[in-house]
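Here the structure is laid out as structure tokens; the discussion comes afterwards.
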Amino acid sequence: MHVETSTLLLHTLYLIAIVAEAMTAALAAGRRDMDWMGVCIIACVTALGGGSLRDVLLGHYPLTWVRHPEYLGMTAGAALLTALAAPLMRRLRRLFLLLDAVGLVAFTIIGCKVAQAMQLPVSIVLISGMITGCAGGVLRDVLCNDVPLLFRKELYASVSLVTGGLYLLLLEAGLTANAAVPLALVVGLAFRLLALRFNWQMPRFVYRDDWH
Amino acid sequence: MHVETSTLLLHTLYLIAIVAEAMTAALAAGRRDMDWMGVCIIACVTALGGGSLRDVLLGHYPLTWVRHPEYLGMTAGAALLTALAAPLMRRLRRLFLLLDAVGLVAFTIIGCKVAQAMQLPVSIVLISGMITGCAGGVLRDVLCNDVPLLFRKELYASVSLVTGGLYLLLLEAGLTANAAVPLALVVGLAFRLLALRFNWQMPRFVYRDDWH
Amino acid sequence: MHVETSTLLLHTLYLIAIVAEAMTAALAAGRRDMDWMGVCIIACVTALGGGSLRDVLLGHYPLTWVRHPEYLGMTAGAALLTALAAPLMRRLRRLFLLLDAVGLVAFTIIGCKVAQAMQLPVSIVLISGMITGCAGGVLRDVLCNDVPLLFRKELYASVSLVTGGLYLLLLEAGLTANAAVPLALVVGLAFRLLALRFNWQMPRFVYRDDWH
Chain H
9 MHVETSTLLL HTLYLIAIVA EAMTAALAAG RRDMDWMGVC IIACVTALGG
59 GSLRDVLLGH YPLTWVRHPE YLGMTAGAAL LTALAAPLMR RLRRLFLLLD
109 AVGLVAFTII GCKVAQAMQL PVSIVLISGM ITGCAGGVLR DVLCNDVPLL
159 FRKELYASVS LVTGGLYLLL LEAGLTANAA VPLALVVGLA FRLLALRFNW
209 QMPRFVYRDD WH
Chain L
9 MHVETSTLLL HTLYLIAIVA EAMTAALAAG RRDMDWMGVC IIACVTALGG
59 GSLRDVLLGH YPLTWVRHPE YLGMTAGAAL LTALAAPLMR RLRRLFLLLD
109 AVGLVAFTII GCKVAQAMQL PVSIVLISGM ITGCAGGVLR DVLCNDVPLL
159 FRKELYASVS LVTGGLYLLL LEAGLTANAA VPLALVVGLA FRLLALRFNW
209 QMPRFVYRDD WH
Chain D
9 MHVETSTLLL HTLYLIAIVA EAMTAALAAG RRDMDWMGVC IIACVTALGG
59 GSLRDVLLGH YPLTWVRHPE YLGMTAGAAL LTALAAPLMR RLRRLFLLLD
109 AVGLVAFTII GCKVAQAMQL PVSIVLISGM ITGCAGGVLR DVLCNDVPLL
159 FRKELYASVS LVTGGLYLLL LEAGLTANAA VPLALVVGLA FRLLALRFNW
209 QMPRFVYRDD WH
């Protein structure tokens with residue numbers, strides 16, 4: 009019963025997160041003047057691509073959206089609503105950033121749990137969380153022909169790593185999933201929101217071949 | 009016997025389609041000044057990439073070209089011939105557009121049939137058709153560093169969706185595959201050619217962050 | 009025992025190669041001003057992406073880095089050291105080119121051996137070698153938003169094809185793996201270094217739509 013509580017929490021956050029990711033992806037598609045079909049496809053790839061890449065790399069079949077095709081409908085529907093109500097969206101920028109951060113930490117812990125259930129080593133559990141949390145945005149940027157934001161800005165991947173690491177540490181320390189999941193979610197979310205608020209950045213590596 | 013007729017038709021159209029896709033991909037590679045090896049690789053990825061992505065996402069192994077390596081030779085050979093005979097190609101632009109449309113609808117129905125054979129739900133059957141029909145061109149555009157055309161122009165993905173949907177509806181209505189396949193092929197092809205002829209477009213979603 | 013000698017040689021070259029690929033990938037990430045996390049991710053994708061793509065396409069699970077997570081640590085560590093010691097790197101340009109060539113031929117033969125162990129046909133064995141040798145660099149270029157170098161410059165993919173082909177021919181001629189592996193490695197390496205030294209290039213296919 010206890011396990012079900014944290015699973016239910018994660019599932020709820022997952023549904024919120026795929027809708028939020030679909031909406032921000034639709035805005036990215038709109039910046040590239042894509043048509044409505046392109047908007048829907050970019051939204052599905054962004055919202056469900058991280059989990060799909062994880063499952064393909066780990067050989068974890070069938071993929072989430074193959075088992076739950078309704079998620080494709082949810083993300084495509086959210087994307088179309090976003091395109092229709094675009095004038096409203098700019099005012100919701102802060103809400104999107106919050107929901108995107110919720111998605112990042114929720115996706116991360118879901119990805120960790122998938123790898124844990126496959127009995128994979130700790131480092132792969134962390135990587136599985138990072139792929140689930142971050143790869144959708146990378147796929148969006150590649151399809152929109154941008155250098156992925158992940159590699160250049162903000163502590164996105166680092167938040168995912170910290171969230172996954174804390175979750176595993178708390179389990180290791182003897183906490184139940186029902187305690188470890190919400191704690192890791194809250195700390196990860198706080199870390200992400202602080203990074204956004206204070207514009208925390210990692211050091212960059214700037215290299216020029218004409219360096220002397 | 010009856011089933012074999014539509015299977016044979018699809019297989020013939022499939023072979024025509026991978027050759028046509030290889031030829032148009034070679035022209036795209038030529039626009040980027042790629043060398044002959046690059047031309048062959050882009051051709052194979054474009055012609056066989058949609059089916060490969062579908063099989064990887066659905067866990068449907070072995071992939072088509074692993075079972076039929078001769079398809080790799082066909083696509084690479086067609087690409088090299090295109091590079092050698094490039095001056096002729098411009099005159100064949102209409103023929104290429106026709107063959108590309110044939111490929112789109114044939115790939116779509118083949119993708120639907122793969123998912124049907126795996127007993128997947130209807131929505132995944134449609135998605136499987138769309139991935140098979142459209143993803144090769146997306147991979148080509150990503151490798152050539154373009155924003156995928158699919159997301160911006162023409163009714164490509166929509167034609168795939170309509171073709172797959174009609175095919176499933178006709179089967180649902182009690183038609184045999186031997187009747188449903190050619191009907192869906194012809195309607196899908198007509199839809200695509202009309203969209204090209206009259207430059208039908210979907211509404212676009214144009215979003216700028218400086219919108220006020 | 010004899011087989012183990014060539015396996016040990018390949019394994020040693022593999023470890024050298026993933027470190028070298030990680031270091032050149034880190035420099036590519038530095039040219040795009042990526043942060044340290046981005047540098048690590050690009051390094052892992054470049055060094056391990058070719059083998060991963062091969063395994064996903066062939067359905068060969070689990071992937072190398074899932075079985076050996078220490079490789080992820082090695083590549084990420086090498087990438088960070090490169091970022092820290094960047095001023096030294098420019099002097100090592102020749103060494104990097106040499107190690108990259110070692111990686112290309114070693115990855116190629118490892119990829120051939122994976123497909124051989126799966127009893128796949130000769131053409132797929134060659135393709136498996138080429139994917140293992142070349143795809144990491146393509147993924148790096150796509151993530152850095154460049155047209156992949158592979159398709160435009162140098163005899164990279166051709167060297168991979170020649171190395172794999174020679175390896176298979178030597179086995180066919182009755183040589184043991186212990187003889188065929190080092191011979192193919194040396195010839196492939198020499199071919200690559202000569203191509204670099206004398207700037208050998210394949211003919212390019214240059215196509216413009218306004219050609220008349």
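Chains as they are written, first to last, in my numbering: chain H, 9 to 220; chain L, 9 to 220; chain D, 9 to 220.
The beta-carbon is built from N, C-alpha and C at its ideal position, and this holds for glycine as well.
Check whether the Cβ atoms of residue i and residue j lie closer than 8 Å to each other.
| i | j | result |
| --- | --- | --- |
| alanine 165 of chain D | isoleucine 50 of chain L | no |
| alanine 203 of chain D | leucine 163 of chain D | yes |
| leucine 17 of chain D | proline 190 of chain D | yes |
| valine 170 of chain H | phenylalanine 213 of chain H | no |
| phenylalanine 115 of chain H | glycine 141 of chain H | yes |
| proline 211 of chain L | aspartate 43 of chain H | yes |
| glycine 172 of chain L | glycine 137 of chain L | yes |
| leucine 61 of chain D | isoleucine 139 of chain D | yes |
| alanine 30 of chain L | tyrosine 215 of chain D | no |
| valine 64 of chain H | leucine 128 of chain L | no |
| alanine 28 of chain D | aspartate 108 of chain D | yes |
| alanine 123 of chain L | isoleucine 117 of chain L | no |
| glycine 58 of chain H | threonine 72 of chain H | no |
| valine 150 of chain H | valine 47 of chain D | no |
| alanine 192 of chain D | leucine 178 of chain D | yes |
| threonine 13 of chain H | asparagine 186 of chain H | yes |
Assign residue i to one of two classes, buried (16 or more other C-beta atoms within 10 Å of its C-beta) or exposed (fewer than that).
| i | result |
| --- | --- |
| histidine 68 of chain H | buried |
| arginine 99 of chain D | exposed |
| tryptophan 219 of chain D | For tryptophan 219 of chain D, the predicted model reports a pLDDT of 40, less than 50, meaning its position is unreliable and no value from the coordinates is stated. |
| threonine 184 of chain L | exposed |
| alanine 125 of chain D | exposed |
| valine 194 of chain L | exposed |
| phenylalanine 206 of chain L | exposed |
| leucine 174 of chain D | buried |
| glycine 182 of chain D | exposed |
| aspartate 217 of chain L | exposed |
| leucine 96 of chain D | exposed |
| histidine 19 of chain H | exposed |
> Below 8 Å, can you find three or more Cβ-Cβ pairs linking the segment 52-59 of chain L to the segment 144-152 of chain L?
Replying inline: yes
>> For the segment 83-92 of chain H against the segment 28-46 of chain H, do three or more pairs of beta-carbon atoms, one drawn from each stretch, fall closer than 8 Å, so that the two count as touching?
In response: yes
>> If the cut-off is 7 Å on Cβ atoms, which residues from the segment 44-72 of chain D count as contacting chain H, listed in chain order?
In response: Trp44, Met45, Gly46, Val47, Ile49, Ile50, Ser60, Val64, Tyr69, Pro70 and Leu71
> Quick check: the segment 76-86 of chain L against the segment 17-26 of chain L, are there 3 or more CB pairs under 8 Å?
Replying inline: yes
> What alpha helix (DSSP H) runs, 4 residues minimum, are completely inside the segment 17-91 of chain D?
Replying inline: 44-66 and 72-75
> Mind pulling the alpha helix (DSSP H) runs of 4 or more residues that sit fully within the segment 152-202 of chain H?
Replying inline: 164-180
>> Can you pull out the residues from the segment 94-124 of chain D whose beta carbon lies closer than 9 Å to at least one beta carbon of chain H?
In response: Ala94, Pro95, Met97, Arg98 and Arg101
>> Against chain H, which members of the segment 207-219 of chain L pass a CB distance test of less than 8 Å?
In response: Gln209, Met210, Pro211, Arg212, Phe213, Val214, Tyr215, Arg216, Asp217 and Trp219
> For the segment 142-169 of chain H, which residues have a CB atom closer than 7 Å to at least one CB atom of chain L, in sequence order?
Replying inline: Val150, Leu151, Cys152 and Asn153
> Using Cβ-Cβ distances below 7 Å, what residues of the segment 14-27 of chain H are close to chain L?
Replying inline: none
> Listed from N- to C-terminal order along the chain, which residues in the segment 165-196 of chain L have their beta-carbon within a distance smaller than 9 Å of any beta-carbon of chain H?
Replying inline: Ala165, Ser166 and Leu169
>> Please identify, using Cβ separations under 7 Å, the residues of the segment 77-92 of chain L that lie next to chain H, in order along the chain.
In response: none
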